[in-house]
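Undergrad: Just dropping this structure here.
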Amino acid sequence: MTSAPSLNIPSVQHLVSPEEWQLRVDLAACYRLVALYGWSDLVFTHISARLPGPEHHFLINPYGLMFDEITASSLIKVDLGCNKLMDSHFPVNPAGFVIHSAVHEARADAQCVIHTHTRAGVAVAAQKNGLLPISQQSTFVLGSLAYHGYEGVAFREEEKPRLVADMGSANFLMLRNHGLLVCGSTIADAFLSMYVFESACQIQIAAQSGGGELTQVHPQIIEGVAHAMKVQTVGLGGQFAWPALLRKLHKTDPDYSR
0 MTSAPSLNIP SVQHLVSPEE WQLRVDLAAC YRLVALYGWS DLVFTHISAR
50 LPGPEHHFLI NPYGLMFDEI TASSLIKVDL GCNKLMDSHF PVNPAGFVIH
100 SAVHEARADA QCVIHTHTRA GVAVAAQKNG LLPISQQSTF VLGSLAYHGY
150 EGVAFREEEK PRLVADMGSA NFLMLRNHGL LVCGSTIADA FLSMYVFESA
200 CQIQIAAQSG GGELTQVHPQ IIEGVAHAMK VQTVGLGGQF AWPALLRKLH
250 KTDPDYSR
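The numbering of the sequence shown is numbering that gives the first Met the number 0, which starts it at 0 and goes up by one.
Take a look at the structure:
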């Protein structure tokens, strides 16, 4: 029996600014957490983060690595066209960046974009009525949810304006027959949003499997959900839970920060 080969990825910490390094560490942690919670799809989805500064430069995963293999140093810096801006012997996936680049380019507030293909997410995205107001989790999503119709595998540039128009100012996007997407002003915000979005979809599929009539939340409750979320997170959004998530990750998977 042979052991798995080491990736032997050299550290790039000395080559980047402290701000970029911290973003790399947080994004690598986000990839590991997505894997930990079972939302990854082998190597076929992406999480992107915009780097600070006026340039439209981003960090994205090296194509072909599992999410639980990604480290701060393995992340690849690219421009809006997904062209590499730093040397890396790993490939990037321009087709996979189409959706991400569209959102980043249109939304200055979208520092982080997470896209998933989970079973529950795709299952709800395939339902005509989409996400139903049947859980507390769903109420946090429905106040800022948009839908985009399926146009096939999303690698065509001409789809970008339609996707951006459908998303508008929403922070949650359900890609019909495809999956879930969230954007956030920080990586922590985006992760918490995806956690709630995925949970709402899992709850819906579980509730529907019971076969009984579902009780829906009153629309007025959904209208006041933004204030409720601020109360729940003490006004900190995703940052309220992020330190605890990093502690959890560090116990079992500490090499993400290399």
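Virtual Cβ for every residue (Gly too), placed ideally from N, Cα, C.
These numbers come from a predicted model, not from an experiment.
1. Can you check DSSP and say which residues form a bridge with R49?
2. If I measure Cβ to Cβ from L179 and keep anything under 6 Å in the same chain, skipping five residues before and after, which residues do I get?
3. Step through the CB atoms of chain D and report whether any lies within less than 8 Å of the CB of D25.
4. According to the Cβ coordinates, are V112 and V102 closer than 8 Å?
5. Along the chain, where does the alpha helix (DSSP H) that runs through V97 open and close?
6. Under 8 Å, with one C-beta from each stretch per pair, do the stretch 200 to 215 and the stretch 124 to 134 reach the 3-pair mark?
7. If you measure between the beta carbons of I220 and G142, is that distance less than 8 Å?
8. Can you say whether Y149 is buried or exposed, counting buried as having 16 or more other CB atoms within 10 angstroms of its CB?
9. Under DSSP, the alpha helix (DSSP H) around V77 begins and ends at which residues?
10. Helix, strand or coil, according to DSSP, for Y149 in the structure here?
11. Does the distance from the CB of L41 to the CB of N60 come in under 8 Å?
12. Using C-beta distances below 7 Å, list every residue in its chain close to D108, excluding the 5 sequence neighbours before and after it, in chain order.
13. Compute the Euclidean distance between the alpha carbons of W20 and G209, then round it to the nearest angstrom.
14. Exposed or buried, what is G95 when buried is set at 16 or more other beta-carbons lying within 10 Å of its beta-carbon?
15. Thinking C-alpha only, which one of D188, H249, L64 is nearest H88?
16. Alpha carbon to alpha carbon, how far is K76 from Y36? Give it in angstroms, no decimals.
17. Does the distance from the C-beta atom of A240 to that of L174 stay below 8 Å?
18. At 3 residues or longer, what runs of the beta strand (DSSP E) sit wholly inside the stretch 107 to 180?
19. Just curious, the alpha helix (DSSP H) that F43 is in, first and last residue?
20. Sort Y194, I186, N7, A145 by Cα distance to L50 and report the nearest one.
21. Give the DSSP-derived three-state secondary structure of C81 in the structure shown.
22. Please say whether T70 and Y255 have beta carbons closer to each other than 8 Å?
TA: Working from what's here:
1. F57
2. T115, G120, F196
3. Among the chains in the structure shown there is no chain D, since it carries only a single protein chain.
4. yes
5. 93 to 105
6. yes
7. no
8. exposed
9. Here V77 belongs to no alpha helix (DSSP H); instead the beta strand (DSSP E) covers 75 to 77.
10. coil
11. no
12. S184
13. 47 Å
14. buried
15. L64
16. 26 Å
17. no
18. 111 to 115, 144 to 147, 171 to 174
19. Looking at the DSSP string, F43 is not in any alpha helix (DSSP H), and its letter there is neither H nor E.
20. I186
21. coil
22. yes
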